[in-house]
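Okay, so here's the structure we're looking at.
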Amino acid sequence: MKILSIDHGDKKTGLAISDENEKLASRFLTVENKSSKNLIKEIKKIVSKNNIQKIILGIPIGFKGESAQTQNVKEFSAKLSENTDVPVIEINEIFTSKMAEENLLNAGVKREDIKKIIDQEAARIMLQDYLDKENK
């Protein structure tokens, strides 16, 4: 079974996908976030085409608690749950963008190219963490 991970942003949304054995997460795609409706439509296509059985969605909850962005992503989560036939699991995505940037820099990705894949890498980090915890 494959799992899709989503790093939801105001402008761009990064996606990562697991292998069939749920051991390894890989960067997958960045989708321009034109509207929730459009984004859900794209995710539904990906779920269907890739035989996705579960979605992991990063919820931005910082040390000071929930923010306006937290509420935006939770609203998106509810809409996504209503419009897909797979479970949507919310996890805290604290520090994933910072870790993604560090991973990409350490891998030798040029700073100007990081913007293109940072959201995918953040989604990959969330998914790999989830997979590691599930496979203990």
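Quick note: the sequence shown uses the numbering used here, first residue 1356, plus one each step.
Ideal placement from N, C-alpha and C gives every residue a C-beta, glycine not left out.
Query                                                                                                             : Result
Ranges of the beta strand (DSSP E) found wholly within the stretch 1369 to 1440, counting only runs of at least 3 : 1380 to 1387, 1407 to 1414
Methionine 1356 versus asparagine 1490: straight-line alpha-carbon distance, rounded                              : 14 Å
Distance, isoleucine 1414 Cα to lysine 1429 Cα                                                                    : 7 Å
3 or more residues per run - each beta strand (DSSP E) lying fully within the stretch 1435 to 1487                : 1443 to 1447
Within 7 Å, strictly: CB atoms of isoleucine 1401 and leucine 1435                                                : no
beta-carbon glutamate 1448 near the ligand HEM non-hydrogen atom, thresh 6 Å                                      : Absence of the ligand HEM is noted for the structure shown, with no ligands found whatsoever.
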